[in-house]
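**Q** In the working numbering, the protein residues as written are 159 to 682. Ideal Cβ positions, reconstructed from N, Cα and C, are used throughout, including at glycine.
1) Reducing DSSP to helix, strand and coil, say where residue 206 ends up.
2) Output the distance between the C-alpha atoms of residue 271 and residue 466, rounded to the nearest integer angstrom.
3) Can you tell me the Cα-Cα spacing of residue 342 and residue 265, whole angstroms?
4) Could you give the uninterrupted runs of the alpha helix (DSSP H) lying entirely in the stretch 434 to 521, keeping only those of 4 residues or more?
5) Would you kindly work out how many angstroms separate the C-alpha atoms of residue 337 and residue 469, rounded to a whole number?
6) Can you give the beta carbon distance from residue 441 to residue 199, rounded, assuming they're within the 8 angstroms contact cut?
7) Excluding the 5 residues flanking residue 185 on each side, which residues of the same chain have their C-beta closer than 7 angstroms to its C-beta?
8) Could you say if the stretch 310 to 323 and the stretch 441 to 460 meet the contact criterion of at least three C-beta pairs nearer than 8 angstroms?
9) Go to residue 293, then tell me how far its alpha helix (DSSP H) extends in each direction, as first and last residue.
10) Quick one: what's got a C-beta closer than 6 angstroms to residue 463's C-beta in the same chain, skipping five residues either side?
11) Work out the CA separation of residue 446 and residue 453 for me, nearest whole Å.
12) At a cut of 8 angstroms, does the stretch 495 to 507 reach the stretch 361 to 370 through at least three beta carbon pairs?
13) Which residues share a DSSP beta bridge with residue 684?
14) Following the continuous alpha helix (DSSP H) through residue 262, name the residue where it begins and the one where it ends.
15) Do residue 206 and residue 351 have their C-beta atoms within less than 7 angstroms of each other?
16) Count the CB pairs spanning the stretch 247 to 257 and the stretch 297 to 308 that are closer than 8 angstroms, and state whether there are at least three.
17) So, at 7 angstroms on beta carbons, what are the nonlocal neighbours of residue 498 in its own chain, with the 5 sequence-adjacent residues on each side left out?
18) Measure the beta-carbon distance from residue 310 to residue 496 and round it to whole angstroms, keeping in mind my assumption that it falls under 8 angstroms.
19) Check whether the stretch 541 to 561 and the stretch 512 to 527 are in contact - that is, three or more C-beta pairs closer than 8 angstroms.
20) The alpha helix (DSSP H) that contains residue 114, what's its start and end?
21) In the DSSP assignment, find the alpha helix (DSSP H) that holds residue 337 and state where it starts and stops.
22) Please report the distance separating the alpha-carbon of residue 410 from that of residue 282.
23) Return helix, strand or coil for residue 187, following the three-state DSSP convention.
24) Hey, out of 196, 574 and 555, whose CA is closest to residue 253's CA?
25) Check for me: the alpha helix (DSSP H) holding residue 552 runs from which residue to which?
So, in structure tokens, the structure goes:
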């Protein structure tokens with residue numbers, strides 16, 4: 159039976175139904191776990207001593223650290239990159255085991271205990287930072303594994319709870335929590351840091367996760383047949399619509415068939431490219447805004463949160479729109495998935511490549527950051543749920559493999575970006591010496607930029623050191639900050655654009671190869 163020829167829809171509750179309530183519960187779980195994972199991205203701004211290594215402080219950061227009386231650590235940019243990416247180590251390792259066991263063991267228990275573990279570890283991060291950076295990395299890695307269980311096992315829910323013509327709405331409602339989480343974090347973290355201190359950020363989100371864990375064990379059931387609160391009409395509607403897809407027990411995994419399947423490879427590569435850019439945007443948007451717009455932590459949090467708010471709104475609209483196309487027979491399943499995948503890859507790539515050319519426009523930077531995130535959420539109606547169309551019985555495993563591919567892309571992207579930012583410190587050091595010679599010759603800022611780019615050699619630096627000793631002239635801090643600011647913008651923006659350029663390169667492959675065979679795995 160084709161997916162486009164499903165059983166007629168019955169008069170059952172819509173948004174007031176229990177299946178939508180459970181989807182909202184999963185949405186809340188995703189909000190909390192994502193908040194616990196991303197809150198460090200903004201608190202890192204105030205946790206780390208951002209003083210220039212040669213004694214030339216960033217005055218705005220110094221003022222911020224004076225106002226916020228919290229522990230400050232001397233973590234280098236590469237250490238910061240390892241800390242930020244350590245969550246993904248655990249996330250990557252756990253994917254395949256979770257994908258395999260999610261169809262065998264209770265999804266309720268897997269997600270519930272993983273949510274509890276992630277919340278407890280969030281409470282332990284502030285004391286771990288006081289003990290040593292190694293403990294922070296360990297906590298974040300284990301927390302990433304727990305969050306990987308939540309993020310992957312939840313897709314097994316829709317095998318039994320999501321009617322085929324409502325998959326877009328239900329999955330987009332729940333997965334949009336991954337977008338709302340960063341919005342909440344970036345919106346409130348700055349306020350919490352300034353009023354209560356950065357440790358309270360981890361304590362608050364950890365406590366919220368523990369409370370949500372209790373609600374999860376009370377409200378969620380693995381199968382609608384077993385739920386005591388669901389109405390009879392809704393139960394019959396769900397089970398009758400899934401009678402052709404769901405069997406009583408899962409058969410052995412067709413590994414060879416999956417390895418030979420173009421749709422599976424397209425989904426995996428699509429996840430790799432999506433997470434490459436998405437994770438860079440999540441990790442480094444606050445730092446990018448700080449270096450580009452030079453705002454305080456409250457304004458940084460607000461501006462960094464706007465892209466995720468619009469991405470969350472757009473993600474929910476995509477789910478509604480995709481199901482509208484299917485229920486009205488406007489487009490086939492194949493066309494819907496290809497349409498939203500193409501839009502979700504091409505549009506963010508275009509807007510992302512435009513970002514380096516907007517350094518002089520405050521509103522331009524904010525608007526294009528919003529457009530990058532908002533249009534990227536189109537993938538929620540495309541490649542990110544494509545596995546549920548081609549193989550609902552093995553969706554958990556396929557989703558785990560595609561998420562593993564995506565997390566590898568995110569891990570490489572975040573680590574690479576950290577290494578790029580490490581080089582900025584060396585370039586800033588060079589700019590300090592170039593200022594001496596430039597001030598003596600009364601260079602303008604425009605000529606200063608060109609000279610710094612062209613003459614950054616060892617001999618030039620050695621000559622500047624000699625001039626510094628001979629002249630005894632103190633560097634002009636404003637020009638030093640200008641150079642550092644200019645070079646930081648250049649390198650951070652280049653690192654953000656990497657992912658969007660990479661998306662464009664693979665767009666044609668995804669469109670040509672992401673076809674849907676609806677019977678390949680349904681028969682086992």
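**A** Let's see:
1) If DSSP states are grouped into helix, strand and coil, residue 206 belongs with the strands.
2) Their backbone Cα atoms lie some 28 angstroms apart in a straight line.
3) Each residue's alpha carbon lies about 27 angstroms from the other.
4) Whole alpha helix (DSSP H) segments, 4+ residues: 455 to 485 and 491 to 512.
5) The alpha-carbon atoms of residue 337 and residue 469 are separated by roughly 6 angstroms.
6) That belief holds up - the Cβ atoms of residue 441 and residue 199 are roughly 5 angstroms apart, short of 8 angstroms.
7) Only 331, 332, 334 and 335 meet the Cβ criterion.
8) Verdict: no, contact absent.
9) Boundaries of the alpha helix (DSSP H) around residue 293: 291 to 311.
10) If we look at residue 463 and ignore the five residues flanking it on each side, its Cβ neighbours are 341, 344 and 345.
11) Approximately 11 angstroms, taken between the alpha carbons.
12) With a cut-off of 8 angstroms, the stretch 361 to 370 and the stretch 495 to 507 do not count as touching, because too few Cβ pairs lie within range.
13) Here the chain has residues from 159 to 682 only, and residue 684 is not among them.
14) For residue 262, no alpha helix (DSSP H) segment is defined, and its DSSP state is neither H nor E.
15) For the pair residue 206 and residue 351, the CB atoms are not nearer than the 7 angstroms cut-off.
16) In short, these stretches touch, since the Cβ pair count reaches three.
17) Only residues of its own chain outside the window of five on either side were considered, and among them 476, 480, 536, 537, 539 and 540 have a CB closer than 7 angstroms to the CB of residue 498, listed in chain order.
18) The pair is not a contact, with the Cβ atoms about 25 angstroms apart (cut-off 8 angstroms).
19) No: fewer than three Cβ pairs fall under 8 angstroms.
20) Residue 114 lies beyond the stretch modelled for the chain, which goes from 159 to 682, so this question has no answer here.
21) Taken as a continuous stretch (DSSP letters only), the alpha helix (DSSP H) holding residue 337 covers 335 to 353.
22) Going from the Cα of residue 410 to the Cα of residue 282 covers about 40 angstroms.
23) Helix, per DSSP.
24) Residue 253 has its Cα closest to that of 555, out of 196, 574 and 555.
25) Unbroken run through residue 552: none, as it is neither H nor E.
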